[in-house]
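From first to last, the protein sequence lines are chains V and P. Once you know that position 135 of the first sequence is 135 in my numbering, the rest is easy, because the numbers rise by one and skip nothing. Numbers in my numbering are just positions in the second sequence, counted from 1, shifted up by 190. Every residue gets a Cβ at the ideal spot worked out from N, C-alpha and C, and that includes glycine.
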Amino acid sequence: MTDANLIRAIQAGDETALETLYERYLPSVWRFAFAQLAGHAGAAEDVVSETFLAAVRQISRLKPEGGSVGGWLIGIARHKIGDLRRRRGRVKVGVPPDLPAQEDASHDPSASLETAETRAQVAAVMDALPDDQRLALEWKYLDGLPVREIARRMGRTEKAAETLLYRARNAFREAFERAGAKGTQTRLAR
Amino acid sequence: MVAHDDGRDVAETLKAGYGAPPPRHQFVEEVRGRLRQELQAAQASRRRLLRLWRWMAAAAVIVVAVGVAAVGFKDTSCAPHETGILPGPEVLSTPQDRPGRMVPLGVSLPQALFGGTPYHIKPHAHLEKYDSEKARPPFPVPKGTTNLALGKPVTSSDPMPIIGELKHVTDADKEGTDGSYVELGPGIQWVQIDLRKPCHIYAILVWHYHAQGRVYHDVVLQVADDPDFIENVRTIYNNDFDNSAGLGVGKDLEYIEDYRGRLIDAGAVKARYVRLYSNGNTSNDQNHYVEVEVHGKPAPKQVPLKTKLPVPMMS
């Protein structure tokens with residue numbers, strides 16, 4: 001089912017469609033929150049739950065053909081992260097925070113600064129990509145979806161999805177190498 | 191020969207730099223349950239609203255019928271009516287204007303300061319096509335809507351403007367000539383209007399600068415419930431297509447400024463504070479505001495429901 005059809009079904013009260021939407025976008029919203037919050041699983045959980053709840057409350061106002069659902073959800077998550085940072089004080093992207101280990105057991109304190117910086121760079125590059133390109137890369141390379149499924153979700157032809165992936169790869173490489181040139185990170189090994 | 195691009199390098203970088211452990215199963219299920227409850231509650235609320243709407247429509251029909259019977263068929267099309275909005279060339283109220291009705295938003299437009307299409311601005315995919323002749327279609331708002339921003343206090347990321355004063359933003363002078371606008375420093379800057387109380391906002395009009403055809407970059411409009419934009423921040427408009435302002439990628443188009451200003455549909459959002467960002471323009475890096483109008487109505491105070499617990503009946 002395409003995103004637009006999912007939205008229509010949810011607006012009509014279809015709980016199964018809501019579950020499909022949740023399962024489709026949970027990994028993406030979770031990864032975004034996790035990356036932006038430097039690996040704080042607890043904080044990421046807060047952001048993810050608030051994001052989806054806000055989305056359900058607002059979904060009646062969403063135009064099904066009005067754009068990327070993934071982008072809309074990430075937009076909500078971005079605001080929720082902003083709210084969280086202001087409430088709790090700045091949690092810098094990519095820099096492990098000064099939190100006691102008990103507060104967030106899933107945070108790896110042994111992660112090196114270099115790894116944290118790489119994660120911050122990748123997070124920044126992904127955040128700056130257009131919604132459809134970011135989602136296509138995530139679905140293809142992190143969730144392992146076939147191009148056909150990506151095309152189906154986005155309501156595009158397979159050929160169009162291939163083209164989108166091609167552009168997304170190039171945009172990612174270019175932005176990552178530019179970020180690497182500014183900082184200390186290595187370039188992509190092709 | 192071009193090598194096949196299998197994206198392995200991208201996949202490896204993403205896995206190393208953007209991968210995350212899966213969320214806890216218990217958390218995933220908890221959120222799933224809450225979403226289901228939320229959807230059920232939303233559906234119930236929607237049904238209640240629908241019933242209320244039907245009831246009001248029926249009541250309105252009765253009121254109109256009674257009114258027609260009482261007044262007869264007297265022509266009232268020239269009778270004075272109140273829109274609560276500055277009258278102007280685009281006017282405005284219709285003969286059907288009655289309490290509780292929607293009326294077209296009235297906006298007083300300033301004199302045009304340039305004509306034709308500004309050809310120095312090259313069209314691109316994120317720029318709205320410019321039409322100097324096309325009139326803005328009527329924008330319906332509830333009767334009684336006023337410009338809530340008029341004379342309200344304005345703050346800014348640049349408290350020491352280069353030219354003019356922040357009060358120009360809400361002083362009703364939108365002529366666009368020298369002395370009617372404020373110039374803020376280069377880069378991303380914002381102005382913020384305090385409406386003094388929570389209001390339902392239907393439309394926001396902004397004139398950045400219209401003495402010359404310009405495009406202002408990264409125009410982002412947000413509303414919030416607190417002056418620091420921490421609680422309940424909502425983005426109403428965003429044409430920052432490359433996220434250069436860092437507020438997220440926007441879907442709205444850039445546009446060429448002229449005397450008509452920009453009307454932004456706020457969809458009856460409830461908020462007290464309105465903030466507008468911009469990031470320079472096609473002529474220079476500075477940011478300008480001739481006028482900002484916020485059309486809406488003060489939100490009624492929410493009185494907590496006093497519910498009495500039922501007294502158990504003795505059998």
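For residue i, would you say it is in contact with chain P, using Cβ-to-Cβ distances shorter than 7 Å as the test?
i: residue 45 (chain V); result: yes
i: residue 145 (chain V); result: no
i: residue 75 (chain V); result: yes
i: residue 13 (chain V); result: yes
i: residue 69 (chain V); result: no
i: residue 167 (chain V); result: no
i: residue 164 (chain V); result: no
i: residue 62 (chain V); result: no
i: residue 142 (chain V); result: yes
i: residue 53 (chain V); result: yes
i: residue 91 (chain V); result: For residue 91 (chain V), the pLDDT reaches just 47, beneath the cut-off of 50, and the residue's location in the model is therefore unreliable, leaving the point undetermined.
If you compare alpha carbons, which of the options is closest to residue i?
i: residue 410 (chain P); options: P:385, P:390, P:441 and P:417; result: P:441
i: residue 296 (chain P); options: P:489, P:491 and P:484; result: P:484
i: residue 179 (chain V); options: V:168, V:120, V:166 and V:6; result: V:120
i: residue 214 (chain P); options: V:48, V:136 and V:6; result: V:48
i: residue 54 (chain V); options: V:76, V:152 and V:33; result: V:76
i: residue 30 (chain V); options: V:152, V:80, V:5 and V:86; result: V:80
i: residue 316 (chain P); options: P:431, P:424, P:393 and P:457; result: P:431
i: residue 395 (chain P); options: P:347, P:480 and P:306; result: P:480
i: residue 130 (chain V); options: V:171, V:122, V:86 and V:139; result: V:171
i: residue 74 (chain V); options: V:33, V:162, V:7 and V:24; result: V:33
i: residue 294 (chain P); options: P:303, P:489, P:329 and P:319; result: P:329
i: residue 221 (chain P); options: V:46, V:36, V:63 and V:37; result: V:46
i: residue 9 (chain V); options: V:36, V:43 and V:56; result: V:56
i: residue 435 (chain P); options: V:152, V:153 and V:128; result: V:128
i: residue 3 (chain V); options: V:27, V:156 and V:117; result: V:156
i: residue 50 (chain V); options: P:224, P:237, P:234 and P:235; result: P:224
i: residue 72 (chain V); options: P:456, P:470, P:487 and P:438; result: P:438
i: residue 373 (chain P); options: P:384, P:351 and P:334; result: P:351
i: residue 452 (chain P); options: P:206, P:428 and P:433; result: P:428
With a threshold of 16 other CB atoms inside 10 Å of the CB of residue i, please say whether the residue is buried or exposed.
i: residue 241 (chain P); result: exposed
i: residue 314 (chain P); result: exposed
i: residue 478 (chain P); result: buried
i: residue 474 (chain P); result: exposed
i: residue 376 (chain P); result: exposed
i: residue 5 (chain V); result: exposed
i: residue 266 (chain P); result: In this prediction, residue 266 (chain P) scores a pLDDT of 35, lower than 50, which makes its location untrustworthy; the coordinate-derived value is nonetheless stated afterwards. With fewer than 16 Cβ atoms within 10 Å of its Cβ, residue 266 (chain P) is classed as exposed.
i: residue 252 (chain P); result: exposed
i: residue 407 (chain P); result: buried
i: residue 468 (chain P); result: buried
i: residue 135 (chain V); result: buried
i: residue 227 (chain P); result: exposed
i: residue 41 (chain V); result: buried
i: residue 367 (chain P); result: exposed
i: residue 154 (chain V); result: buried
At least one CB of chain V closer than 7 Å to the CB of residue i: is that the case?
i: residue 197 (chain P); result: yes
i: residue 226 (chain P); result: yes
i: residue 339 (chain P); result: no
i: residue 233 (chain P); result: yes
i: residue 541 (chain P); result: Given a span of 191 to 505 for chain P in the structure shown, any question on residue 541 (chain P) remains unanswerable.
i: residue 413 (chain P); result: no
i: residue 458 (chain P); result: no
i: residue 297 (chain P); result: no
i: residue 551 (chain P); result: There is no way to answer for residue 551 (chain P), as the model of chain P reaches only from 191 to 505.
i: residue 423 (chain P); result: yes
Given that residue i touches chain V, what residues does it touch there, using C-beta distances under 9 Å?
i: residue 213 (chain P); result: 26, 27, 30, 34, 41, 44, 45 and 48
i: residue 420 (chain P); result: 82, 83, 86 and 87
What does residue i reach in chain P if we use C-beta pairs closer than 7 Å?
i: residue 130 (chain V); result: 439
i: residue 178 (chain V); result: Within chain P, no residue comes near residue 178 (chain V); the closest Cβ sits about 13 Å away, beyond 7 Å.
i: residue 137 (chain V); result: 200 and 204
Which chain P residues sit within Cβ distance under 8 Å of residue i?
i: residue 118 (chain V); result: 206 and 207
i: residue 121 (chain V); result: 207
i: residue 173 (chain V); result: 199 and 200
Which chain V residues sit within Cβ distance under 8 Å of residue i?
i: residue 433 (chain P); result: 127 and 128
i: residue 222 (chain P); result: 19 and 22
i: residue 394 (chain P); result: Near residue 394 (chain P) there are no residues of chain V at all, since even the closest Cβ is about 17 Å away, more than 8 Å.
i: residue 229 (chain P); result: 10, 13, 15, 18 and 56
i: residue 249 (chain P); result: In chain order: nothing, as chain V lies at least about 24 Å away.
i: residue 218 (chain P); result: 26
Which residues in chain P have a C-beta closer than 9 Å to the C-beta of residue i? List them in chain order.
i: residue 3 (chain V); result: The contacting residues do not exist; residue 3 (chain V) stays about 15 Å from chain P at best.
i: residue 78 (chain V); result: 437 and 438
Practice item. Residues of the stretch 302-333 of chain P with a CB closer than 7 Å to any CB of chain V: list them in chain order, please. Key: none
Practice item. Pull out every residue of the stretch 460-480 of chain P whose Cβ sits closer than 7 Å to any Cβ of chain V, in chain order. Key: none
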